[in-house]
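Enquirer: Here it is, the structure, as structure tokens.
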Amino acid sequence: MFFLVWGFKVRFKTVLQGAFFCPTCGGDRPFEQKQGRRWFTLFWIPVIPLKEVGEQFVECSTCRQAYKTSVLQLPTSANLSNDLTVATREATTWLLRSAPTVTPAARRHALDMLSGAASRPWSDAELDHDLGTLTVDGLPGRLTTLASVLNEHGRETFFSGCVRVAAANGSVGAAEQALLDSIASSLGMSPAHARGVIAQTLEQAAARAPGEAPGQAPGQAWPQ
Ligand SMILES: [Zn+2]
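Last residue of the sequence shown? That's 224 in the numbering used here, and every number before it is there in order.
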């Protein structure tokens, strides 16, 4: 006896693979971008591809949660931390280049800020290399991008780090003030907000000034 058994079946094909920030897992994970397609089957075997079914979607390879493809526009944690490091290198370079002289205190604040952003000790040689060669034109655009993903605390932490570098020789000169204004504006901070952070940072620096112990002052929660 011979039965011709035919039917339809939807199969999912992976059209793209990579790493993304999975909102469910809360971290960087591998993903597969998939497209469904209806197939004509014969004896349960797909033989003829028919129409695509539905929109492409992104599936987390770890938790299997499906998302719209727009989820890929979220920066991965790795990209975010890399962008933050590059922005910190550009900002410190820009600020130190604009200072009349680069004092040891300014260098130390820059190294503190760079080490915090990179999560590893930043060396004098790396700082010197940046001061000699790094192009800083991309900083405003990079900060605008970062500002869209950093929360207020993140933006203030970045900005107050810049203020400490700028003010390390005792005062903020006109050129440095102009740079700080530009950095604050790229970060989406209002002039009043920026002035508040500058005043607070200078106050903390003055309170810490006697002895100028490097690293953390007792009882003071310095942002990285
Ligand atoms: Zn996941």
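Ideal Cβ placement from N, Cα and C applies to all residues, glycine included.
1. Quick check: the Cα distance between S81 and G141, rounded to an integer number of angstroms?
2. Whose C-alpha, out of A174, C22, C162, G196, is nearest the C-alpha of G116?
3. Assuming L131 contacts T101 (C-beta within less than 8 Å), just tell me the rounded distance between them.
4. Rounding to the nearest angstrom, what Cα-Cα distance links A68 and G173 in this structure?
5. Tell me, please, which residues DSSP counts as bridged to R29.
6. Looking at T24 and ligand 1, is the gap between the Cβ and the nearest heavy atom below 7 Å?
7. Give the single residue among P46, D137, Q17, K51 whose Cα lies nearest to the Cα of S186.
8. What separation, rounded to the nearest whole angstrom, lies between the Cα atoms of C63 and S70?
9. If you scan the segment 40-101 from start to end, which runs of the beta strand (DSSP E) of 3 or more residues do you find wholly inside it?
10. Three or more C-beta pairs closer than 8 Å, one from the segment 139-159 and one from the segment 181-201: is that the case here?
11. Looking only at its own chain, which residues have a Cβ that is under 8 Å from the Cβ of L42, when we skip the five neighbours before and after it?
12. From R29 to V53, what does the alpha carbon distance come to, in whole angstroms?
13. Could you pull the DSSP bridge partners for Q35 from this structure?
14. Sorted by chain position, which residues of the same chain lie with C-beta nearer than 6 Å to Q220's C-beta, five sequence neighbours on each side aside?
15. CB of T144 to nearest heavy atom of ligand 1: below 7 Å?
16. Going by other Cβ atoms of all chains shown within 10 Å of its Cβ, with 16 needed for buried, is Q200 buried or exposed?
17. For G161, name the three-state secondary structure that DSSP assigns.
Expert: Reading from the atomic positions:
1. Whole-angstrom Cα-Cα distance: 16 Å.
2. The shortest CA-to-CA distance from G116 to any of A174, C22, C162, G196 is the one to C162.
3. By a beta-carbon distance limit of 8 Å, L131 does not contact T101. Their separation comes to about 13 Å.
4. Sequence inspection shows Lys at residue 68; the Ala mentioned does not correspond to that position. So the alpha carbons of these two residues sit roughly 49 Å apart.
5. R29 pairs with F20.
6. Yes, the beta carbon of T24 sits closer than 7 Å to at least one heavy atom of ligand 1.
7. Selection P46, D137, Q17, K51 evaluated against S186 yields D137 as nearest (Cα-Cα).
8. C-alpha separation (whole angstroms): 18 Å.
9. Runs of beta strand (DSSP E) with 3 or more residues, each lying fully within the segment 40-101, are found at 45-60, 66-68, listed in chain order.
10. The segment 139-159 makes contact with the segment 181-201: 3 or more CB pairs, one atom from each, lie closer than 8 Å.
11. Around L42: L4, V5, W6.
12. In this structure, the CA atom of R29 is about 26 Å from the CA atom of V53.
13. Looking at the DSSP output, Q35 sits in a beta bridge with K13.
14. Any answer about Q220 is weak, because its pLDDT of 36 lies below 50 and its placement is not dependable; what the coordinates show is given next. Spatial neighbours of Q220 in its own chain (CB-CB distance under 6 Å, excluding positions within 5 residues in sequence) are not present.
15. With a cutoff of 7 Å, T144 does not count as near ligand 1, since its C-beta is closer than that to no heavy atom of the ligand.
16. Exposed: under 16 other Cβ atoms inside 10 Å.
17. In the structure shown, G161 sits in a helix (DSSP, three-state: H, G or I).
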